[in-house]
Amino acid sequence: MPTNPLWLEHTEKAAWDTVQTLRAEVERANKRVQQLTELQGQWPGVERYLQSECEKRELPSAPPLSMLEALCERLQRLERQEAKDEAPVASSTEHQAESSAKPTGDERLSASVRWFARLVDRRRRTSGRTTVDPTRRAALLNALEHQVEDLAHARPRDLVDSAVEVARLALELARIGRRARNE
4 MPTNPLWLEH
14 TEKAAWDTVQ
24 TLRAEVERAN
34 KRVQQLTELQ
44 GQWPGVERYL
54 QSECEKRELP
64 SAPPLSMLEA
74 LCERLQRLER
84 QEAKDEAPVA
94 SSTEHQAESS
104 AKPTGDERLS
114 ASVRWFARLV
124 DRRRRTSGRT
134 TVDPTRRAAL
144 LNALEHQVED
154 LAHARPRDLV
164 DSAVEVARLA
174 LELARIGRRA
184 RNE
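Numbering-wise (our numbering), the sequence shown opens with residue 4 and increments by one.
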């Protein structure tokens, strides 16, 4: 058995790092199990709701996951259609901006930044909160923390929605900070 102190220290550190990593993974798994356990009692209601929504929309009866995928697919089609419908409006707005004498700040932003800002603004308007409430700071920080944590487990197709929600929460926190700084 080697007795080199450097080798022993290196081995001990590697073992400790492994233990810490495993503890973190177990903690994440336990949180996920707790979330799923909390949802267990709600699944029958979710299934009934999905079934009724599929019947309303004349979708075939199927297992809950298939029904949810069909509803999400239909929603994505509607969102794409909405985006296509907004495109002519956006192009006419851009034409008006180009022809005006004063340039706006949006012209300096890339198309992807403007697209993301529109998504964040739409989410902000549909969230139901239009005024800044400084007492909500802790709740916003907690929600932001959970949303960022969920990003690590999000499916690639859900990343945009999660990123928009993170941005919306960050925007609301920034508005609270700006109000506090101006007071």
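Cβ atoms here follow ideal geometry from the backbone N, Cα and C, with glycine treated the same way.
Look up residue i in the DSSP assignment and say whether it is helix, strand or coil.
i      : result
Ser55  : helix
Asn185 : helix
Gln45  : coil
His13  : helix
Ser94  : Here the model assigns Ser94 a pLDDT of 49, short of 50, so the residue's position is not dependable and the matter cannot be decided.
Ala157 : coil
Ala65  : coil
Thr40  : helix
Thr6   : coil
Arg60  : coil
Ser130 : coil
Just the C-alpha distance for residue i and residue j, rounded to the nearest angstrom, thanks.
i      : j      : result
Glu30  : Gln23  : 11 Å
Pro8   : His156 : 40 Å
Glu187 : Ala141 : Nothing can be reported for residue 187, as the shown portion of the chain is limited to 4 through 186.
Ser165 : Asn33  : 22 Å
Ala114 : Lys87  : 15 Å
Ala27  : Arg60  : 44 Å
Pro184 : Arg127 : With the sequence shown as reference, residue 184 is identified as Arg, and Pro is not the correct amino acid for it. C-alpha separation (whole angstroms): 22 Å.
Leu81  : Thr14  : 57 Å
Trp118 : Gly180 : 25 Å
Gln84  : Arg158 : 23 Å
Met70  : Arg182 : 45 Å
Glu72  : Arg160 : 12 Å
Glu41  : Pro47  : 13 Å
Using the Cβ count rule (16 or more neighbours within 10 Å means buried), how would you classify residue i?
i      : result
Leu144 : exposed
Leu11  : exposed
Glu175 : buried
Leu25  : exposed
Glu58  : exposed
Leu53  : buried
Leu68  : exposed
Arg125 : exposed
Glu148 : exposed
Leu172 : buried
Under 8 Å Cβ to Cβ from residue i, same chain only, skipping five residues before and after it: list those, please.
i      : result
Val163 : Leu122
Ala120 : Leu112
Leu154 : Leu162, Ser165, Ala166, Val169
So, under 8 Å CB-CB, residue i and residue j are touching, yes? Tell me the CB distance rounded to an integer number of Å.
i     : j     : result
Glu56 : Leu74 : 7 Å
Beta-carbon within less than 7 Å of residue i's beta-carbon, same chain only, minus the 5 sequence neighbours each way: which residues are those?
i      : result
Ser130 : Arg171
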